[in-house]
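Below you'll find the structure, written out as C-alpha cells, and then a few comments.
In the working numbering, the protein residues as written are 1223 to 1417.
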C-alpha cells in the first residue's frame, strides 16, 4: 500500500494542476451523482494535495450540490416532488421562515443525507444565491475536519508506517477524529429529537 501511495503522490506532485483539476472534476461528479464516496475522496485528496484540498473540496462539493439543486429546480422538479411530498409537508412551514438558517444547520450538522439536502431547498423554492452561500459556508467546518484527518494520515504514510491502531496516538489523527465524533454525536442528538 505504501509504495502505491508514494507513487500516486509523486505523480500528483509532478502534474499538480492537472491532478488537482481531475480531482476537482471527480469530486463534482461524485456529489452531483450522489455517489457515497465523498469521505473517501476527501481523505485521499487531503492526504495527496495537502491543505489546498480544503478549498478545492469545498468548491467541488458546492458545485456538485448546486448542479443537483438546478436539476431539482427545473427539469427534474416533478420527478422529485412526486417522491418527496411527505418530507416536504413536514418541513415546508419551518423552512420557509428562515431558509438560510435551516440549510446552514443541515450542512453544519448533517442529520439529513447530503443528497436530500441538495434537493430539498430546490423543491422549497429557495433562492439560488442563498443556497450557494449556505452550502459553501455550511460544509466548510466538516470538510476541514475531514481534511485534517487526511493530513494526519499523510503524515503517517509519508513516514513509511503502515496504518494500524497506533496511528490513533498521533494528535494529527486523533484530534480531528474527536471533532468528527463530536459532530456526529450532535447530529445523532438532533436527529432523534426531530424524528
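Backbone N, C-alpha and C fix where the C-beta goes; we use that ideal spot for every residue, glycine too. The structure presented is a predicted model; accordingly, all values stated were derived computationally and were not measured.
Please list the terminal residues of the continuous alpha helix (DSSP H) segment that includes residue i.
| i | result |
| --- | --- |
| residue 1378 | 1350 to 1380 |
| residue 1297 | First-last for residue 1297: undefined, no H or E at that position. |
| residue 1322 | 1321 to 1330 |
| residue 1274 | That residue, residue 1274, is in no alpha helix (DSSP H); it is neither H nor E in DSSP. |
| residue 1342 | 1336 to 1345 |
| residue 1252 | 1238 to 1254 |
Which residue's Cα is closest to the Cα of residue i: the options?
| i | options | result |
| --- | --- | --- |
| residue 1329 | 1355, 1273 and 1237 | 1355 |
| residue 1237 | 1403, 1270 and 1364 | 1270 |
| residue 1424 | 1360, 1395 and 1408 | Residue 1424 is absent from the model: the chain starts at 1223 and stops at 1417. |
| residue 1251 | 1381, 1380, 1405 and 1288 | 1288 |
| residue 1254 | 1278, 1392, 1286 and 1291 | 1286 |
| residue 1337 | 1404, 1239 and 1290 | 1290 |
| residue 1256 | 1275, 1230, 1229 and 1284 | 1284 |
| residue 1278 | 1241, 1308 and 1331 | 1241 |
| residue 1357 | 1268, 1411 and 1322 | 1322 |
| residue 1232 | 1380, 1307 and 1361 | 1380 |
| residue 1362 | 1308, 1280 and 1272 | 1280 |
| residue 1296 | 1239, 1348 and 1382 | 1348 |
| residue 1266 | 1352, 1228, 1306 and 1350 | 1228 |
| residue 1302 | 1351, 1382, 1339 and 1268 | 1339 |
| residue 1268 | 1392, 1378, 1382 and 1371 | 1371 |
| residue 1352 | 1320, 1335, 1382 and 1226 | 1320 |
| residue 1292 | 1308, 1350 and 1307 | 1350 |
If I measure Cβ to Cβ from residue i and keep anything under 6 Å in the same chain, skipping five residues before and after, which residues do I get?
| i | result |
| --- | --- |
| residue 1367 | 1398, 1401 and 1402 |
| residue 1282 | 1246, 1249 and 1250 |
| residue 1317 | 1324 and 1346 |
Following a CB-centred definition, is residue i positioned closer than 7 Å to any heavy atom of the ligand FAD?
| i | result |
| --- | --- |
| residue 1350 | Looking at this structure, you won't find the ligand FAD or any other ligand, since it has none at all. |
For residue i, which residues in the same chain have their Cβ closer than 8 Å to its Cβ, ignoring the five residues on either side in sequence?
| i | result |
| --- | --- |
| residue 1273 | 1369 and 1373 |
| residue 1365 | 1264, 1276, 1279, 1280 and 1283 |
| residue 1390 | 1396 and 1399 |
| residue 1392 | 1374, 1377 and 1378 |
What does a CB cutoff of less than 7 Å around residue i pick up in its chain, not counting 5 residues either side in sequence?
| i | result |
| --- | --- |
| residue 1326 | 1356, 1359 and 1360 |
| residue 1230 | 1270 |
| residue 1294 | 1302, 1341, 1344 and 1345 |
Could you tell me whether the region 1343 to 1351 touches the region 1239 to 1247, where touching means 3 or more Cβ pairs closer than 8 Å?
-> Of all C-beta pairs linking the region 1343 to 1351 to the region 1239 to 1247, fewer than three are shorter than 8 Å, placing the two stretches out of contact.
Indicate whether the contact test is met: 3 or more Cβ pairs, each with one atom in the region 1304 to 1312 and one in the region 1253 to 1268, closer than 8 Å.
-> Contact between the region 1304 to 1312 and the region 1253 to 1268 is absent: fewer than three C-beta pairs spanning the two stretches fall below 8 Å.
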